[in-house]
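Below you'll find the structure, written out as structure tokens, and then a few comments.
Numbering (our numbering), first residue to last: 25 to 310.
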């Protein structure tokens, strides 16, 4: 079985994209009664003019009030009564990526929740990517929420729309963890009537045998297609329009992957839905 979510970490740059990702992190923390840590790392010393302040962090109580979970005038103690533990961390380091990786190594999260800006080609080279290398180097299960496209948590109401989950599978890396994490994420959010589709790109005999958890209202289907894995996955995502794509990932496995990105990363840059990347070596037994 998948591990429970006890610590969720959300690095934020306070952009609109990060606010959407924050909504997902808060909703998941609320459902799991977990600790949510919101981190912002500046490139210069805190205290300089035009610097950020604690008030710039996304408002947990204001969001919960907007979702009709807390009254507008609720005190901080009311958040604790929901089972939530909130930490807001403001730091200054010359290299935000290394600072966040160092933090995750010292305080391993059960889940990272990141906003991602899909970029390719020259546009990608001109902008220093953070989400993908952070997830890869931190070796943590990571939920990527696209800045453009759709997630599955409404920032306005907190409503969850998780009806279709696409899980690309192969014999390697082992997809059992991805199957379980996708299932328990939907179950933890009290989703009903969910369809999970296992997609294998390649020969029929390459479809792995996986244990598929049972839940009333949850359905499993399998599909086998030919072609390039990235193109086939994106084509299926465009046609089927899943609310979430779940990958088992080993990160960069060879030099070519290091140059152009792993299959997960390449799909991530073009997918319109949220992507959950599950490290293949993540323990699946309590």
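Ideal Cβ positions, reconstructed from N, Cα and C, are used throughout, including at glycine.
Residue environment, residue i, which counts as buried when at least 16 other CB atoms sit within 10 Å
| i | result |
| --- | --- |
| residue 335 | Residue 335 lies beyond the stretch modelled for the chain, which goes from 25 to 310, so this question has no answer here. |
| residue 241 | exposed |
| residue 29 | buried |
| residue 73 | Any reading at residue 73 needs caution, since the residue's pLDDT is 43, under 50, leaving its predicted position unreliable; the model's value is listed next. Exposed, since its Cβ has fewer than 16 Cβ neighbours within 10 Å. |
| residue 100 | exposed |
| residue 53 | buried |
Beta-carbon proximity check, residue i vs residue j, cutoff 8 Å
| i | j | result |
| --- | --- | --- |
| residue 139 | residue 159 | no |
| residue 302 | residue 136 | no |
| residue 392 | residue 291 | The structure shown does not extend to residue 392, since the chain spans only 25 to 310, so no value can be given for it. |
| residue 81 | residue 112 | yes |
| residue 167 | residue 218 | no |
| residue 195 | residue 232 | yes |
| residue 264 | residue 182 | no |
| residue 55 | residue 31 | no |
| residue 128 | residue 164 | yes |
| residue 197 | residue 304 | yes |
| residue 225 | residue 256 | yes |
Residue i to residue j span [Cα, whole Å]
| i | j | result |
| --- | --- | --- |
| residue 178 | residue 238 | 27 Å |
| residue 184 | residue 122 | 33 Å |
| residue 287 | residue 227 | 18 Å |
| residue 49 | residue 234 | 28 Å |
| residue 103 | residue 201 | 32 Å |
| residue 211 | residue 300 | 15 Å |
| residue 294 | residue 262 | 10 Å |
| residue 109 | residue 79 | 18 Å |
| residue 44 | residue 130 | 26 Å |
| residue 39 | residue 118 | 20 Å |
| residue 249 | residue 105 | 49 Å |
Cutoff 6 Å; reference residue i; Cβ partners in own chain excluding five residues on either side
| i | result |
| --- | --- |
| residue 88 | 94 |
| residue 42 | 36, 139 |
| residue 260 | 223 |
For residue i, the three-state DSSP class (helix, strand or coil)
| i | result |
| --- | --- |
| residue 297 | strand |
| residue 224 | strand |
| residue 176 | coil |
| residue 103 | helix |
| residue 289 | helix |
| residue 44 | helix |
Cut-off 7 Å between Cβ atoms - residues of its own chain near residue i, not counting five sequence neighbours on either side
| i | result |
| --- | --- |
| residue 266 | 188, 189, 190, 297 |
| residue 236 | 203, 244 |
| residue 270 | 189, 191, 202, 205, 206, 300, 302 |
| residue 84 | 50, 103, 110 |
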